[in-house]
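Participant: Sharing a structure, written as structure tokens. Questions coming.
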Amino acid sequence: MASGYPFQDIEKKWQDQWEKDGIYHAKDLPASEKGRKFFGLIEFPYPSGDGLHVGHPRSYTAIDIVTRKQRMEGKDVLYPIGWDAFGLPTENYAIKNKVKPQDATKKNIGNFTRQIKSIGFGFDWSREIDTTDPKYFKWTQWMFIQFFNAYFDDVEGRARPISQMAIPDVVRAHGDEAVRQYVDSKRMAYKAESTINWCPRCKIGLANEEAQGGVCERCGNSVEQRKKAQWMIRITKYADRLIDDLSHVDYLEKIATQQINWIGRSEGAYVDFGIEGETRGQLADIVTVFTTRPDTLFGATYLVLAPEHPLIDTWLNEKDVHNADEILEYRKGTKLKSDLQRQENKEKTGVELKGIKAKNPATGELISVWAADYVLGGYGTGAIMAVPAHDERDMEFAKAFGLEVRTVVSEEGVAVNSGLLDGLETKDAKVKMIEWLEQNSVGQRMKTYRLRDWVFSRQRYWGEPIPIVICKTCGYVPVPEAQLPLELPPVEAYEPTDTGESPLAAVRSWVEVACPNCGKSAERETDTMPNWAGSSWYFLRYCDPHNDKAFADPEKLKFWMPVDLYNGGMEHTTLHLLYSRFWYKLLFDLNHIPRECGNEPYRKRRSHAMILGEGGIKMSKSKGNVINPDDMIVQYGADVFRMYEMFIGPYDADAPWDTNGIEGVKRFLDKIWRLAEVLSSEPWPEGPLTPELETLYHQTIKKVGEDIDAMHFNTPISALMILVNGLSDAKTLPRHVAEGVLKLLAPFAPHFAEELWAKMGNTTSIHLSAWPAYDPAKLVASTFELVIQVNGKVRDRITVSSDISEEEVKEKAMTSEKVIAQLDGKIPQKIVYVKGRLVSVST
RNA sequence: GGACCCGUGGCGGAAUUGGUAUACGCAAGGGACUUAAAAUCCCUGGCCCAAAAGGCGUGUGGGUUCGAUUCCCACCGGGUCCACCA
């Protein structure tokens, strides 16, 4: 007896049929039809050699369910798929196995494609993209050149073509070279010497976002600080917009919060401290500090500079300091400390810059100046005014070195010992102090950010070549658009170098090139782009993936953008998600994205959680607890696998894999299958449902629909189980109800529902059929169970008519034997009736 | 140290957002069918009590309320992100 769902015979058949009929192909419509579109997006996968993880299908299925429902509700759905295929693991694999990264990528994509297709997602494969395809990265390179050719207009608060930038006369007066340097210093994509995070294991420079906590995001090794000329992108200019525009989009709150924290805006003031040498008197130098508490300036009893602060070099060179040896020694020690060590040991260390004094602009006092590594070179101005009375760290330092502590804010939060500020509350004192600073030209209101510019250079092979030629005469010259894409040359060895030079530098035939501008011999930039480049705009390419005239036709962008629902991992919150929002805004400012698309790429962002191994520990090869999707599909079929991953728990919570749990879902589908066999082997038992089942059916339609919209995927499956359990006892069953159940099931188990749908005689796909509607009038049953509470405890339950009046309810309550027994003669003080639910009697 | 989140049966988890706690599923025990097994079907199932009645129960202790898993306060435990950020 065939007791189960024969998925082997069915799933592949429908996958082929759907592909043949193109039922998942999104149609490009005129922008005026925008109301009909739905763009659902999952983060396109990195095709690693390990193949698909069970975590991938969790989010793909979730968005598959949402988009299938949208399609059944009549929307023109775009649910695309592609490959984010540049990156280190592939390159490392290629090096180890002596194959070309291109070939490894091709093989991995093939494997991922096979796996993903076997799960039956409604992806529009005709729009498949691959970031390593020259036809794709041509546009990544083109965009980089647009950024190179742009500057940020601080007045308008947006990026503009650099050709429109005004050159100050003073610069112009210094000649062409000065103008060129000035222009280069203003570009949105610029090359600059900077201290970067260097991972000695991966042999690569990392962006701050990739080196959080001082360790390499990929390998976990602790990073070193290295000075290197790097291509950077000026994301800091967008800090405010990246924060402020979050209020116009629907992101999970923790995602928005994390981005805001990462950008780290803090408001305060710059304060200038004049420097005096002990022996030489007033010097020309000024140390500018940043503070969020300008109101505590009167309590600033010393100054601290980061050890790498450039003014220290000046004072060393000019012999203004008396203890040069001590200072150099301290600097050396600081350099050796990795970020991790600095975090572990928070004891305050430092050295006084003897011979140097700073003048507190508020008090006129001369205060000592120190170098200490608890002040970071990369944040604010790299120098602080120390107010030990009101800052814990300054206090620790002051204690360690016996420095003066002066209280300037009372415990009630009122300024004291602060001259003009005395008696003011902190908020007002801040305002007044900033006014004073500005009037006396010793400071100004200022915002600072934790966010740094985006380090965009990588010293590896498997990435997009940065399309710049470096010419001795002309400086940085972009590769002409007609010569794009600039492809990677074949290379003998992909190994990264310890010197921090890209493997491309060794390919002289590729590096040496005529300057596109003057024709003289020049060299190509040999750094490549980070893997975040191609993923920063891929959703735009999905709108028009085969265009070879532009990255996308503006008319198509107008129709499809923004993305309606974007799902991805929390780990990308301060990486891909932040970068791509920035990239989009930059293109938007430069008029490459139509106004109609809006200034944010994603309308709604949600996040999946992890699937853990059995027992709740993370799946890993070393623990041997990895579940392979391929095995699950062979054993249970795609639909059971999909449905189990949804049933496993709330979508936004981690959940452990449970082999027994998947059996339960299998039983559920098997049960429907057997039910359908019974129904189709007899004359159809046409006839009405009982009133209870009729109500349950309509309630289930409502619940399944609302839960899908709310991204709750475990509860609608429970609801469907309850409905099917009920219907399996029904004596009669209308055909439209049977079809309705299949439709509700279709987003979750698309092959299964399609097969039974076809068996019922339907000739077009269930996935193109109309989503069932519920009748609000049928949501309420004709009777309900009235709960009667006495003093908050349930004492009786009676079945009553739904249209029972409050008076009748109270009457029933007071005549209940159990209530009478409980009251024991006492007179109720209060009777509360909650309509359709319960009545509460209290004494 | 800061920000945010979470504590419900043996397990994964429900609970209309202040209204019957433990839906649904798993595992377990008992039974039916079977020579037997698998599959399937039926029954039981928070704790205390022999059962009923009753009492106790959503990490702990308080509070608000006719009524609290839900709201407020304190504490305990766990998690995530950030962190010498001035």
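Residue numbers (numbering that gives the first Met the number 0): 0 to 842. Backbone N, C-alpha and C fix where the C-beta goes; we use that ideal spot for every residue, glycine too.
What three-state label does DSSP hand R580 in the structure shown?
Facilitator: helix
Participant: Could you compute how far the alpha carbon of G363 sits from the alpha carbon of D390?
Facilitator: Here the alpha carbon of G363 sits roughly 22 Å from the alpha carbon of D390.
Participant: Are the segment 75-93 and the segment 641-657 in contact at 8 Å, needing three or more beta carbon pairs?
Facilitator: no
Participant: Looking at the structure shown, is T782 part of a helix, part of a strand, or coil, going by DSSP?
Facilitator: strand
Participant: Which term fits W531, buried or exposed, when burial requires 16 or more other beta carbons within 10 angstroms of its beta carbon?
Facilitator: buried
Participant: Going by other Cβ atoms of all chains shown within 10 Å of its Cβ, with 16 needed for buried, is Q229 buried or exposed?
Facilitator: buried
Participant: Between which residues of its own chain and I671 is the CB-CB distance below 7 Å, once the five residues before and five after are set aside?
Facilitator: V723
Participant: Which residue from Q69, W13, E10 puts its Cα closest to that of E768?
Facilitator: First, the amino acid is wrong: residue 768 is Ser here, not Glu. It is Q69 whose Cα lies nearest to the Cα of S768.
Participant: Along the chain, where does the alpha helix (DSSP H) containing Y810 start, and where does it finish?
Facilitator: Rather than Tyr, the amino acid found at residue 810 in this sequence is Glu. 805-814 is the span of the alpha helix (DSSP H), which, as asked, contains E810.
Participant: For a test of the three-state rule: what should DSSP assign to G219, helix, strand or coil?
Facilitator: coil
Participant: For the beta strand (DSSP E) holding W369, just list the boundary residues, first then last.
Facilitator: 365-370
Participant: Assign Q257 to one of three DSSP states: helix, strand, or coil.
Facilitator: If DSSP states are grouped into helix, strand and coil, Q257 belongs with the helices.
Participant: Please list the segments of the alpha helix (DSSP H) lying wholly inside the segment 662-748, counting only runs of 4 or more residues, in order along the chain.
Facilitator: 690-708, 713-726, 734-744
Participant: What is the DSSP secondary structure of L589, reduced to helix, strand or coil?
Facilitator: coil
Participant: So, do the segment 774-792 and the segment 703-714 have three or more beta carbon pairs nearer to each other than 8 Å?
Facilitator: no
Participant: Which residues does DSSP list as the beta-bridge partners of P464?
Facilitator: The beta-bridge partner set that DSSP reports for P464 consists of T527.
Participant: Pick from A382, I355, T348, W453: whose alpha carbon is nearest that of I366?
Facilitator: The residue with the shortest Cα to Cα distance from I366 is I355.
Participant: Once you ignore the five residues that flank I626 on each side, which residues in its own chain have a CB closer than 6 Å to its CB?
Facilitator: Short of 6 Å from the beta carbon of I626, and not among the five residues preceding or following it, lie these beta carbons of its own chain, in chain order: V53, W656.
Participant: For K226, which option in R233, I203, C215 has the closest C-alpha, if you only look at C-alpha atoms?
Facilitator: Comparing C-alpha distances from K226 to each of R233, I203, C215 shows the shortest one belongs to I203.
Participant: Could you tell me whether the segment 16-28 touches the segment 121-138, where touching means 3 or more Cβ pairs closer than 8 Å?
Facilitator: yes
Participant: Considering only DSSP beta bridges, list what S606 is partnered with.
Facilitator: G567
Participant: State the beta-bridge partners of M560 as determined by DSSP.
Facilitator: DSSP output for M560 lists no bridge partner at all.
Participant: Which class does C514 belong to by DSSP, given the choice of helix, strand or coil?
Facilitator: coil
Participant: By a C-beta neighbour count over all protein chains shown, 10 Å radius and 16 as the cutoff for buried, is G379 buried or exposed?
Facilitator: buried
Participant: Report the rounded CA-to-CA distance for Y237 versus F581, giving the unit in angstroms.
Facilitator: Rounded to whole angstroms, Y237 to F581 spans 7 Å at the Cα level.
Participant: Can we say the segment 242-255 touches the segment 411-424, given the rule of at least three CB pairs closer than 8 Å?
Facilitator: no
Participant: Just verifying my parser: in three-state terms, what is the DSSP assignment at S520?
Facilitator: DSSP places S520 within a strand segment (E or B) once states are collapsed to three.
Participant: Would you kindly report the start and end of the unbroken alpha helix (DSSP H) that includes P100?
Facilitator: 100-116
Participant: Can you give me the Cβ contacts of M0 inside the same chain, cut-off strictly under 8 Å, excluding the 5 residues immediately before and after it?
Facilitator: Bear in mind that the predicted position of M0 carries a pLDDT of just 36, short of 50, making it too unreliable to give a figure here.
Participant: Considering only their Cβ atoms, is the gap separating E72 from W770 smaller than 7 Å?
Facilitator: yes
Participant: Do you know offhand how far R57's Cα is from R67's?
Facilitator: 15 Å
Participant: How many Å lie between Q16 and N260 at the Cα?
Facilitator: Going by the C-alpha atoms only, they are around 49 Å apart.
Participant: Starting from T869, trace the beta strand (DSSP E) in both directions and tell me its first and last residue.
Facilitator: The first residue shown for the chain is 0 and the last is 842, placing residue 869 beyond what the model contains.
Participant: So is Q458 buried or exposed if we call it buried at 16+ other beta carbons inside 10 Å?
Facilitator: buried
Participant: By a C-beta neighbour count over all protein chains shown, 10 Å radius and 16 as the cutoff for buried, is T889 buried or exposed?
Facilitator: Since the first residue shown for the chain is 0 and the last is 842, residue 889 is missing from the structure and cannot be characterised.
Participant: Leaving aside the five residues before and after L744 along the sequence, list all residues of the same chain whose C-beta is less than 6 Å from its C-beta, in chain order.
Facilitator: Within its own chain, the residues whose Cβ lies closer than 6 Å to the Cβ of L744, once the five positions on either side in sequence are excluded, are A752, listed in chain order.
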